[in-house]
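Note sheet for the following structure.
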Amino acid sequence: MKCRIEFRNTIAGIFLAALSGMVYADDSVNLDLPTAASFYTHNSQSLKSLSFNSPVYLLAANEADVIQGQADITLPATEFHPPWISGRKTHQYLGLGTVVLAGLTVLAAPGEGCDNCTTASQQQPRQTSGTTHTRLARATAAMAIATVMTGLVVHWNDIHWEDSFFDPDKMHARLAAAGALLMLYAVNASAHSTVPVNHSGIAELGAAAMVVAIKMTW
Amino acid sequence: MQRKWEAALLAVTLALNSAYAGAEEDFIFWLFNFSRTKGVKPVTDKQYQDECSGCHFAYQPGLLPAKSWEALLTPDALRKHFGVNAELDDATLKVIHDYAVDNAADKSWYKRSRKIAVATTDGPTPLRITELRYISRKHNDIPEKMVKGNKGVKSLSFCDKCHTQAAQGVYDVDTASIPNYSNWDN
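Residue numbers (my numbering), protein chains in the order written: chain A, 1 to 218; chain B, 219 to 404.
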């Protein structure tokens, strides 16, 4: 029971993370919030080389009405740092995370049986939840769906009906969506069967589709 | 379980080693190359870089298909290079022409180049990067005041004014910053 609650918490965490990515979309999270003092220091440094008559000095001094009609004004450029987290990067991390989880799921898969197995162990009821493999598989499927959803939100304008069938972004979207659906299907098929079902091929095909999709736009 | 670990380790090793086998930018090299090739291939030819950047941003050849460079880089075309005489001596023109055609969008495995190549296979030969349907669509939602009306940009032709890593061939939205509009994406 405890494991099941932990697993649910993990899934809930992944979905929350995915949703957070959607909320932020393209907006960067700037954790280094500027203070009044930092603004003061920055402006005073940038104005040191300027005369009092400089339009930039006047603009920085909030005297915009004084400089009306003067055309060539460009604010002093500040060094640009790309955001470390954004909608696009969230999508990227989710995609990579899906592939890593898929790999771990394969590695955690139970053995295919052996000739020396005892009859008693073969007759044990099939475990469709609670094992490391099943937890990882469900987490993989959930993350794959979250990846597809964030991709649709943040890259919606990279895909257009007038683009060719072989457009890399279109192929990426098609393959990733197919991969996610195949993994979801494999998890679902295995979870609702009391007898062993051959779901590994479908799941691995889904994971391979995700890998190819990522590679196409990497 | 041990077999799977061994197989995974073998696959990773093979993949890593294969990356060294690809000397040129061909399919095999792209397949096993783990560095990012999402944008366009950066300019690597010094003469191309120097000659082009003398007047404007040295656009990467991967931003246009080969047929466009063939049309743009002729002695006649350069005499009327978008309203400016940009004549080059024959030897320099040959170097620049060959470099541009060899690294054009339809010969590159970089994602944005492939996207441009696929979109320009049919139809008229594009002569301006800004007129490519894909490029114009990506910039459609940017208000004119941020480009033409912005003294820090003036035109979409000045890629590097907003794309801070344009010289490296990176044109991601995350690396874009419009001068005078720090919160343009909001």
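Note that CB positions come from ideal geometry on N, CA and C, so glycine has one too.
Give the DSSP bridge partners of residue i, in chain order.
| i | result |
| --- | --- |
| Tyr399(B) | Ile396(B) |
| Val302(B) | His299(B) |
| His381(B) | Ala394(B) |
Between which two residues does the alpha helix (DSSP H) harbouring residue i extend?
| i | result |
| --- | --- |
| Gly95(A) | 87 to 107 |
| Asn188(A) | 168 to 191 |
| Glu204(A) | 200 to 216 |
| Glu269(B) | 264 to 271 |
| Ile159(A) | Looking at the DSSP string, Ile159(A) is not in any alpha helix (DSSP H), and its letter there is neither H nor E. |
| Lys312(B) | 308 to 320 |
| Phe245(B) | 245 to 249 |
| Trp287(B) | 284 to 290 |
| Thr132(A) | 132 to 154 |
| Ala276(B) | Segment: none, Ala276(B) is in no alpha helix (DSSP H) and carries neither H nor E. |
| Ser331(B) | 329 to 337 |
| Ser354(B) | 351 to 356 |
| Val365(B) | 362 to 365 |
Under 9 Å between beta-carbons, which chain A residues line up against residue i? List them in chain order, please.
| i | result |
| --- | --- |
| Ala337(B) | Glu162, Asp163, Ser164, Asp167 |
| Lys256(B) | Thr217, Trp218 |
| Arg332(B) | Phe166, Asp167, Pro168, Met216 |
Skipping 5 residues on each side, what residues in its chain have a beta carbon closer than 6 Å to that of residue i?
| i | result |
| --- | --- |
| Val197(A) | Ala189, Ser190 |
| Asn116(A) | With a pLDDT of only 49 at Asn116(A), under the threshold of 50, the placement of this residue in the model should not be trusted; the figure read from the coordinates follows. Closer than 6 Å at the Cβ level, and outside the excluded window around Asn116(A), lies no residue. |
| Gly69(A) | Confidence at Gly69(A) is low in this model, with a pLDDT of 39, below 50, so the placement of that residue is unreliable and no value is reported for it. |
| Ala209(A) | Leu175, Ala178, Gly179 |
| Val313(B) | Gln265 |
| Met216(A) | Pro168, Met171, His172 |
| Gly201(A) | none |
| Leu184(A) | Ala141 |
| Trp205(B) | Outside the displayed range of chain B (219 to 404) lies residue 205(B), so it cannot be described from this structure. |
| His381(B) | Tyr389, Ala394 |
| Ser236(B) | Caution is warranted here: a pLDDT of 47 is assigned to Ser236(B), below 50, making its placement in the model unreliable, and no coordinate value can be reported. |
Mind listing the chain A neighbours of residue i? Cutoff is C-beta to C-beta under 8 Å, in chain order.
| i | result |
| --- | --- |
| Ser395(B) | Phe80 |
| Arg355(B) | Asn157, His160 |
Counting only the same chain and skipping the five closest in sequence on each side, list residues whose C-beta sits under 7 Å from that of residue i.
| i | result |
| --- | --- |
| Lys325(B) | Ala284 |
| Ile159(A) | Asp169, Lys170, Ala173 |
| Asn398(B) | Asn368, Gly370 |
| Val148(A) | Ala176, Ala177, Ala180 |
| Lys295(B) | In the sequence as displayed, the identity of residue 295(B) is Ala instead of Lys. The residues are Ala289. |
| Val319(B) | Ala284, Trp287, Glu288 |
| Gln435(B) | With chain B represented from 219 up to 404, any question about residue 435(B) goes unanswered, as that position is not in the structure. |
Among the options, which residue has its Cα nearest to the Cα of residue i?
| i | options | result |
| --- | --- | --- |
| Pro110(A) | Pro83(A), Ala142(A), Gly130(A) | Gly130(A) |
| Ser164(A) | Ala335(B), Thr292(B), Tyr277(B) | Ala335(B) |
| Ala385(B) | Thr338(B), Arg297(B), Phe275(B), Asn401(B) | Phe275(B) |
| Asn321(B) | Arg355(B), Asn303(B), Leu306(B), Lys259(B) | Lys259(B) |
| Leu107(A) | Val148(A), Thr147(A), Ala137(A) | Ala137(A) |
| Thr105(A) | Asp158(A), Glu79(A), Val187(A) | Val187(A) |
| Gly353(B) | Ser331(B), Asp307(B), Arg297(B) | Note that residue 353(B) is Ile in the sequence shown here, rather than Gly. If we check each option's Cα against that of Ile353(B), Ser331(B) comes out closest. |
| Val261(B) | Phe247(B), Asp392(B), Gly280(B) | Gly280(B) |
| Thr140(A) | Trp156(A), Phe166(A), Val99(A) | Val99(A) |
| Ile360(B) | Gln267(B), Asn401(B), Ala323(B) | Asn401(B) |
| Ser375(B) | Trp287(B), Phe300(B), Thr255(B) | Phe300(B) |
| Ala146(A) | Ile214(A), Gly95(A), Trp156(A) | Gly95(A) |
| Ser286(B) | Ile347(B), Asp403(B), Arg254(B), Arg297(B) | Ile347(B) |
| Lys333(B) | Tyr317(B), Gln383(B), Arg355(B) | Arg355(B) |
| Thr343(B) | Phe252(B), Leu306(B), Leu282(B), Thr255(B) | Leu282(B) |
| Tyr93(A) | Trp156(A), Ala207(A), Ala144(A), Phe166(A) | Ala144(A) |
| Phe267(B) | Lys298(B), Ala323(B), His315(B), Asp392(B) | First, the residue type needs correcting, since residue 267(B) is Gln and not Phe in the sequence shown. With distances taken between Cα atoms, Gln267(B) lies closest to His315(B). |
Since residue i meets chain B, which of its residues come closer than 7 Å, beta carbon to beta carbon?
| i | result |
| --- | --- |
| Ala135(A) | Checking the sequence, you will find Arg at residue 135(A) rather than Ala. In chain order: nothing, as chain B lies at least about 17 Å away. |
| His86(A) | Per the sequence shown, the amino acid found at residue 86(A) is Ser instead of His. Within 7 Å Cβ-Cβ: Asp392. |
Short of 8 Å in beta carbon distance, which residues of its chain neighbour residue i, apart from the five on each side in sequence? Order them along the chain.
| i | result |
| --- | --- |
| Lys366(B) | Lys372, Ser373 |
| Thr310(B) | Gln265, Glu269 |
| Cys273(B) | Val302, Ala304 |
| Thr132(A) | Ala108 |
| Asn30(A) | Unreliable placement is indicated for Asn30(A), whose pLDDT of 44 sits below 50; no coordinate value is reported for it. |
| Tyr277(B) | Cys270, Ile347, Cys377 |
Can you list the residues of chain B that residue i reaches, using a CB-CB cut of under 9 Å?
| i | result |
| --- | --- |
| Arg174(A) | None at all; the shortest Cβ gap to chain B is about 14 Å. |
In chain A, what lies closer than 7 Å to residue i by C-beta?
| i | result |
| --- | --- |
| Lys329(B) | Pro168, Thr217 |
| Thr382(B) | Phe80 |
Cβ of residue i versus every heavy atom of the ligand NAD: is any distance shorter than 7 Å?
| i | result |
| --- | --- |
| Ala323(B) | This structure simply doesn't include the ligand NAD, nor any ligand for that matter. |
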